[in-house]
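*Asks:*
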Amino acid sequence: MKHFSDVIEQFRRGLCPLLFLISAGAIADPAQRSVIDTPNAPAAKGPYSQAIKYGDLLFIAGQLPVDPQTNEWVGGKIEDQTRRVLENIKAILAANGMKMANVVSTTVYLRDFAEFQRMNAVYAEYFTAAPPARVTVPSPLPGDMLIEISAIAGR
Numbered sequence: 002m003k004h005f006s007d008v009i010e011q012f013r014r015g016l017c018p019l020l021f022l023i024s025a026g027a028i029a030d031p032a033q034r035s036v037i038d039t040p041n042a043p044a045a046k047g048p049y050s051q052a053i054k055y056g057d058l059l060f061i062a063g064q065l066p067v068d069p070q071t072n073e074w075v076g077g078k079i080e081d082q083t084r085r086v087l088e089n090i091k092a093i094l095a096a097n098g099m100k101m102a103n104v105v106s107t108t109v110y111l112r113d114f115a116e117f118q119r120m121n122a123v124y125a126e127y128f129t130a131a132p133p134a135r136v137t138v139p140s141p142l143p144g145d146m147l148i149e150i151s152a153i154a155g156r
């Protein structure tokens, strides 16, 4: 019998991206799609973009606690890592003329769900009024990373 977290992880890594690709392919107009890339957030480390602007929407790739100036992982407490991740998201939004208030949805991946309350306290500092919809799931993360957050913003 599978644990619930295993089922969620399987969905996140398999079915969820597949459904997104199918739906995006059905409506995507390449003329409305542009890559957003800023030196004020960590550079993509693989075949993906920091963010994609599509019409009035901005899809921000999962951000890890990496300092864009040093390209080093921010270690330590969940609070420090959460703050770094949200600052990276803030920088990507700014590169597109947006603010945190433009974020309509986030997905938070936590290595240890016991860290939820401490992560949530920092998260609340960045989303003070009308916070976005959010999903938080437990997830294995690389190295000593405790958190990853992806976001969708709109005008």
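Sequential numbering of the sequence shown, starting at 2, is according to our numbering. Backbone N, C-alpha and C define an ideal beta-carbon position, used for all residues, glycine too. None of these values were measured; they are calculated from a predicted model.
Given 8 angstroms as the limit, is there contact between the region 62-70 and the region 83-90, that is, 3 or more CB pairs closer than that?
*Replies:* yes
*Asks:* Please tell me whether Ala152 and Ile61 are closer than 7 angstroms, where the distance is taken between their beta carbons.
*Replies:* Position 151 of the sequence shown, counting from 1, holds the residue named residue 152. Position 60 of the sequence shown, counting from 1, holds the residue named residue 61. For Ala152 and Ile61, yes; Cβs fall inside 7 angstroms.
*Asks:* Do you know how far the Cα of Gly77 is from the Cα of Ala27?
*Replies:* In the sequence shown, counting from the first residue as 1, residue 27 sits at position 26. In the sequence shown, counting from the first residue as 1, residue 77 sits at position 76. Confidence at Ala27 is low in this model, with a pLDDT of 48, below 50, so its placement is unreliable and no value can be given for it.
*Asks:* What are the partner residues of Thr137, as DSSP defines its beta bridges?
*Replies:* Taking the sequence shown and counting its residues from 1, the one referred to as residue 137 is at position 136. By DSSP's assignment, Thr137 forms a beta bridge with Val109.
*Asks:* For Pro43, which of Arg85, Ser140, Pro132 has the nearest alpha-carbon?
*Replies:* Residue mapping note: residue 43 aligns to position 42 of the sequence shown, counting from 1. Just measuring C-alpha positions, the residue of Arg85, Ser140, Pro132 sitting nearest Pro43 is Arg85.
*Asks:* From Asn121 to Met101, what does the alpha carbon distance come to, in whole angstroms?
*Replies:* Counting from one through the sequence shown, the residue named residue 121 turns up at place 120. Counting from one through the sequence shown, the residue named residue 101 turns up at place 100. Cα-Cα distance, rounded: 16 angstroms.
*Asks:* Write down every uninterrupted run of the beta strand (DSSP E) in the region 51-136 whose length is 3 residues or greater and which is fully enclosed by it, in chain order.
*Replies:* Within the region 51-136, the beta strand (DSSP E) runs of at least 3 residues that lie entirely inside it are, in chain order, 52-55, 58-64, 104-111.
*Asks:* Spell out the partners DSSP gives Ala45 in its beta bridges.
*Replies:* Counted from its first residue, the sequence shown places residue 45 at position 44. Paired residue(s): none; Ala45 is not in a bridge.
*Asks:* Using only CA atoms, which one of Gln118, Leu58, Ala45 lies nearest to Gln33?
*Replies:* If you number the sequence shown from 1, residue 33 lands on position 32. When each option's Cα is compared against that of Gln33, the closest is Leu58.
*Asks:* Less than 7 angstroms between the C-beta atoms of Thr107 and Ile150, yes or no?
*Replies:* As a position in the sequence shown, residue 107 is number 106, starting the count at 1. As a position in the sequence shown, residue 150 is number 149, starting the count at 1. Cβ atoms of Thr107 and Ile150: closer than 7 angstroms.
*Asks:* Is Tyr110 buried or exposed, if buried means 16 or more other CB atoms sit within 10 Å of its CB?
*Replies:* The count along the sequence shown starts at 1 and reaches residue 110 at position 109. The residue is buried, with at least 16 neighbouring Cβ atoms inside 10 Å.
*Asks:* Please name the residue, chosen from Pro48, Lys54, Ser50, that lies closest to Arg156 on a Cα-to-Cα basis.
*Replies:* The sequence position of residue 156 within the sequence shown is 155, counting from 1. Closest option to Arg156, Cα to Cα, is Lys54.
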